[in-house]
Structure formats: structure tokens, C-alpha cells
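Position one of the sequence shown corresponds to residue 1351 (our numbering), numbered consecutively onward. Beta carbons are placed, not taken as given, at the ideal position from N, Cα and C, and that holds for glycine.
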Amino acid sequence: MPSATFFNLPPAKREKLLAAARAEFVRAPFAQASVNRIIHGAGIPRGSFYMYFRDKEDLFHYLMEESINEMLMVFEEVLHSQGGDIFAALPAMYDHLRSRRSADRSLGGMGMMSAIVNRNDGLQKGGLLEFVDPERILKRIENCVNPDLLELREPEDLRCILRMLIMLMVPIMYNGLRPGADPEGREKLERALEILRRGMGAKTPPAQRS
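1. Could you tell me if His1430 is buried or exposed, where buried requires 16 or more neighbouring beta carbons within 10 angstroms of its beta carbon?
2. Figure out for me which residue from Val1467, Ile1545, Arg1536 and Arg1547 has the closest Cα to the Cα of Ala1442.
3. Rounded to whole angstroms, how far is the Cβ of Met1514 from the Cβ of Leu1546, which I believe are closer than 8 angstroms?
4. Closest to Ile1418 by CA distance: which of Asp1483, Met1550, Met1401 and Pro1379 is it?
5. For the alpha helix (DSSP H) that contains Pro1361, what are its first and last residues?
6. Which residues bound the alpha helix (DSSP H) around Leu1500?
7. So, Phe1403 versus Pro1361, is the Cβ gap smaller than 7 angstroms?
8. Tell me whether Pro1563 sits in a helix, a strand or coil according to DSSP, three-state version.
9. Measure the CB-CB distance between Pro1379 and Arg1469 and report whether it falls below 7 angstroms.
10. Checking 7 angstroms against the spacing of the C-beta atoms, do Ile1388 and Ala1371 come in under that value?
11. Go to Lys1406, then tell me how far its alpha helix (DSSP H) extends in each direction, as first and last residue.
12. With distances taken between CB atoms, is the gap from Ala1381 to Phe1375 smaller than 7 angstroms?
13. Beta carbon of Glu1492, beta carbon of Leu1518: below 7 angstroms?
14. What does the alpha-carbon distance come out to for the pair Gly1397 and Val1385?
15. Can you give me the start and stop residues for the alpha helix (DSSP H) that Phe1356 sits inside?
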């Protein structure tokens, strides 16, 4: 995470540094991205950079986390638009990401996330998990979910259901952001959601069948 010194910078100076970092991480894969290019673009001394961030990886993580925060804000809006129906909101979020990927050419928010994922072939689905805190996501979305649309039998059922569905969000984000997404991605998502919605256990256990 950035240091307090970074957050104490004037907003314009802070944004100039982040803009230079976004441009560099989009220009080259992470391993080839240059701190020298970033500080040159930001117009700051090299020593100042290391007063703000531990290293290049620290800056990269911060940018990705900021992008995911923006994505969560969008998902909250999608949930509200779907009346709190989590099963309807996930496919809607997939559609939103696919449409924004082609329309958003800026280097901010999801546009930057899309560009960075496309530039870094090694940033696979599992790689995005390190930027996602399931508990933080859960706290943000549980108040947006309509519990009346779910079969909740125990107080913790809502959180358990959301934890499972959150794990589906990572491939949703990944497929929604990449240009070469699985053409059957949305169909697979809907199939998985339908299985979860109806339940995976046999209605009548085999031993009890006549």
C-alpha cells in the first residue's frame, strides 16, 4: 500500500504519478515496466517514488485494487438495478463488462484493468484472486442483496451463499475483460448459477427410493 506521504500529496500531483504508472503498465507487461519511465512521466525524483511506494509491485497492486474497487461499485449498482437478485446480477455484470471493454478506451478504472489484463498474459484468472479480498467484497454487497429471493434457513446462510458466488465473480471479471473471452462464457455462467439456484443434492436420497 502507498505510504502516508503519498496520500498527503496534492491531488493533482498524486494523479499525475498514477496516470504515468497506468500508461507504463499498459505499455509493457509488468516484468518489463520501467520505474524510470514512470518517474519521468510523473516528473518526480527517483527518491520520491520510493517515499511513496516500496517498489513497482506495490504500485501495481495499488492500481489493481483501485480498479477492483470501481468494479465493485458498478456491481453494487447492477445489484440494485436487478432488485437485489444476485442470480440475475451476475450475468448482467458479465454483459456490462463485455460492453464496457470495447467502449471504454480510457486508462482509468475498468478500462485500465482491461488493458493491463490484456497486456499481461501471465495474469490468469487465479492471478486476479490475490487482488480480491472476499470478506471485503462480502461486506459491500450483502446489504444490496434481497434475502427474500433466497432460501435462507440459518443466520449464516446468506454469507455462505455469497462466498460461493463471489468465487464465480473472478472468472466473470476475467472473461469480461479479455478480448478473447470464451464465447460460451455467459452460457456456462448461467448454467452454473442455475445449478446453484436449484441445489445440487438429490431431492430423494437413493437409499430412500423405492
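Let me lay it out:
1. To locate residue 1430, count along the sequence shown from 1; it is residue 80. With fewer than 16 other Cβ atoms within 10 Å, it is exposed.
2. The residue given as residue 1442 occupies position 92 in the sequence shown. Minimum Cα distance to Ala1442 is reached at Arg1536.
3. Here residue 1514 refers to the residue found at position 164 when the sequence shown is read from its first residue. Here residue 1546 refers to the residue found at position 196 when the sequence shown is read from its first residue. By a beta-carbon distance limit of 8 angstroms, Met1514 contacts Leu1546. Their separation comes to about 7 angstroms.
4. Working through the sequence shown from its first residue, we reach residue 1418 at position 68. The shortest Cα separation from Ile1418 among Asp1483, Met1550, Met1401 and Pro1379 belongs to Asp1483.
5. For this step, residue 1361 is matched to residue 11 along the sequence shown. Bounds of the alpha helix (DSSP H) holding Pro1361 are Pro1361 to Arg1377.
6. As a first step, residue 1500 must be located in the sequence shown, where it is residue number 150. Here Leu1500 belongs to no alpha helix (DSSP H), and DSSP marks it neither H nor E.
7. Looking up residue 1403 in the sequence shown gives position 53. Looking up residue 1361 in the sequence shown gives position 11. No, the Cβ-Cβ distance between Phe1403 and Pro1361 is not below 7 angstroms.
8. Not covered by the structure: residue 1563. The range shown for the chain is 1351 to 1560.
9. On the sequence shown, residue 1379 is found 29 positions in, with the first residue counted as 1. On the sequence shown, residue 1469 is found 119 positions in, with the first residue counted as 1. Cβ atoms of Pro1379 and Arg1469: closer than 7 angstroms.
10. On the sequence shown, residue 1388 is found 38 positions in, with the first residue counted as 1. On the sequence shown, residue 1371 is found 21 positions in, with the first residue counted as 1. Taking 7 angstroms as the Cβ cut-off, Ile1388 and Ala1371 qualify as a contacting pair.
11. On the sequence shown, residue 1406 is found 56 positions in, with the first residue counted as 1. Segment Lys1406 to Ser1431, the alpha helix (DSSP H) holding Lys1406.
12. Start at 1 with the first residue of the sequence shown, and residue 1381 comes out as number 31. Start at 1 with the first residue of the sequence shown, and residue 1375 comes out as number 25. Contact flag unset, no.
13. Residue 1492 sits at position 142 when you count from the first residue of the sequence shown. Residue 1518 sits at position 168 when you count from the first residue of the sequence shown. Contact flag unset, no.
14. Locating residue 1397 in the sequence shown gives position 47, counting from the first residue. Locating residue 1385 in the sequence shown gives position 35, counting from the first residue. Whole-angstrom Cα-Cα distance: 11 angstroms.
15. If you number the sequence shown from 1, residue 1356 lands on position 6. Per DSSP, Phe1356 belongs to the alpha helix (DSSP H) from Ala1354 to Phe1357.
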